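Colleague: Take this structure first; my questions come after.
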Amino acid sequence: MGWNIEPAPSKNTPRNTDLKTPFLIALLLLAFGLCHIVAETEETTSPTNEAPPSPHSSVQFINATSVPNLDLDIKGFHKYEKIPQGTKISGGDFPFTSWKLRIQKSGSTDPKAYFEKELNKAPNTASTVVLLGNLEWKQDASRKKQELQAAIVNFDHELTADEKPNTLTIINGLIQQILRVSINESEFLEIAPMSHHIWHSLPETIEATALIGSQQIRVPLKYNGPFQSGIVAFYEADRSIKFTAAPQLPFE
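If you want the working numbering, it's the position in the sequence shown, counting the first as 1, plus 212.
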């Protein structure tokens with residue numbers, strides 16, 4: 213908006229006319245200021261038609277299956293194909309909290325050999341999802357039907373009220389073998405196949421020792437940074453036992 217200011221009056225102009233121009237300018241400034249204030253008020257108080265933001269969540273994935281490559285389908289979002297064993301897919305800020313997951317052996321010709329699970333996360337939370345199994349059929353305990361050896365296990369990163377920091381989750385992704393684990397040379401604890409155990413209130417620096425048959429694996433770990441928890445998953449690959457580890461980061 214422009215301002216048109218009149219030329220200054222001559223010396224012969226009476227003094228009482230000098231008040232007109234400043235007075236008009238003052239009125240214009242006052243009017244402009246009021247308009248500006250009203251416009252700002254309307255801008256801040258006027259309702260909007262924008263929908264509220266969608267609730268967000270974060271999930272990272274670990275492929276601890278016993279198959280060379282795995283397909284992971286996150287329904288309505290993305291399909292990951294041929295994920296190698298031990299691979300970690302980092303979490304992110306996703307605009308949804310309902311996760312529909314399906315895993316299947318890469319290149320499988322059996323249309324029924326898949327495993328599905330649905331996760332409903334609380335808004336603004338993070339978790340690690342571990343994929344387990346060999347995705348092969350096996351007779352159940354009753355020997356009357358076949359069941360697929362597969363699992364999708366979710367671990368929340370946020371601690372509950374009765375949980376303490378410096379936690380460690382160790383997962384036995386093996387199909388048949390028992391995993392024996394010792395933390396800092398403590399007594400060995402047995403973890404059944406396709407199961408896990410969680411330790412709490414651990415020292416800042418630890419060493420986990422895992423025994424599977426005659427094979428021994430040592431895993432040194434140190435807690436630092438904003439997170440105070442982590443996951444170690446053991447799985448079978450190329451006829452030997454391997455592991456992968458990942459921190460459990462809080463939602464950001």
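Every residue, glycine too, gets a C-beta built ideally from N, C-alpha and C.
Because the structure is a prediction, the values reported are computed rather than measured.
Per DSSP, what kind of secondary structure is K350 in: helix, strand or coil?
Modeller: Assignment of K350 by DSSP, reduced to helix, strand and coil, places it in the strand class.
Colleague: On the DSSP letters alone, give me the boundaries of the beta strand (DSSP E) that I395 sits inside.
Modeller: L391 to I395
Colleague: Near F446, which residues of its chain fall below 8 angstroms by C-beta distance, leaving aside the five closest residues on each side in sequence?
Modeller: A276, I382, I383, N384, G385, L386, L391, A422, I424, I429, I453, K454 and F455
Colleague: Would you mind stating whether V271 and V341 have Cβ atoms separated by less than 8 angstroms?
Modeller: yes
Colleague: So, do the region 406 to 413 and the region 363 to 377 have three or more beta carbon pairs nearer to each other than 8 angstroms?
Modeller: yes
Colleague: Determine the DSSP secondary structure at I387, reduced to helix, strand or coil.
Modeller: coil
Colleague: Hey, could you find the ends of the beta strand (DSSP E) F431 is sitting in?
Modeller: Residue 431 is actually Val in this sequence, not Phe. Per DSSP, V431 belongs to the beta strand (DSSP E) from Q427 to K434.
Colleague: By Cβ distance, which residues of its chain are closer than 7 angstroms to Q389, with the 5 residues on each side in sequence left out?
Modeller: P405, I424 and G425
Colleague: Does L282 get closer than 8 angstroms to chain C when you measure Cβ to Cβ?
Modeller: The structure shown contains no chain C, having only a single protein chain.
Colleague: In this structure, what does DSSP give as the bridge partners for D285?
Modeller: K291 and R314
Colleague: Please report the straight-line C-alpha distance between D283 and G298, rounded to a whole angstrom.
Modeller: Their Cα atoms are separated by approximately 13 angstroms.
Colleague: Rounding to the nearest angstrom, what Cα-Cα distance links E293 and D285 in this structure?
Modeller: 8 angstroms
Colleague: Nearest by alpha-carbon distance to P432: which of V393, S339 and K287 is it?
Modeller: V393
Colleague: Can you tell me whether G304 is buried or exposed, with buried defined as 16 or more other CB within 10 angstroms of its CB?
Modeller: exposed
Colleague: Along the beta strand (DSSP E) that carries A420, what are the first and last residues, could you check?
Modeller: T417 to I424
Colleague: Excluding the 5 residues preceding and the 5 following I301 in the sequence, name in chain order all residues of the same chain whose CB lies nearer than 7 angstroms to its CB.
Modeller: Counting only Cβ-Cβ distances below 7 angstroms, and skipping sequence neighbours, we find Q272, F273 and Y292.
Colleague: Please go through the same chain and pick out, in chain order, the residues whose beta-carbon is closer than 6 angstroms to the beta-carbon of F400, but skip the five residues on each side of it.
Modeller: Around F400: R392 and S394.
Colleague: In this structure, what does DSSP give as the bridge partners for E375?
Modeller: Residue pairing for E375: DSSP places it in no beta bridge.
Colleague: If you reduce the DSSP assignment to three classes, tell me which class P335 lands in.
Modeller: Three-state result, P335: coil.
Colleague: Alpha carbon to alpha carbon, how far is P307 from S258? Give it in angstroms, no decimals.
Modeller: With a pLDDT of 44 at S258, under the threshold of 50, the modelled position of that residue is not reliable, and no figure is offered here.
Colleague: Just the Cα atoms here: how many angstroms apart are Q440 and A334?
Modeller: 20 angstroms
Colleague: How many Å lie between W349 and Y326 at the Cα?
Modeller: 10 angstroms
Colleague: Determine the contact status of G288 and L380, defining contact as a CB-CB distance below 8 angstroms.
Modeller: no
Colleague: Round the Cβ separation of L313 and E328 to the nearest angstrom and send it over; I've been treating them as touching at under 8 angstroms.
Modeller: So it is a contact: roughly 7 angstroms between Cβ atoms.
Colleague: Could you have a look at V271 and say whether DSSP puts it in helix, strand or coil?
Modeller: strand
Colleague: Apart from the five residues just before and just after W215, which ones in its own chain have a Cβ nearer than 6 angstroms to its Cβ?
Modeller: Residue placement at W215 is flagged as unreliable, the pLDDT there being 29, under the threshold of 50; a coordinate-derived value is accordingly withheld.
Colleague: In the structure shown, what three-state DSSP assignment does P462 receive?
Modeller: coil
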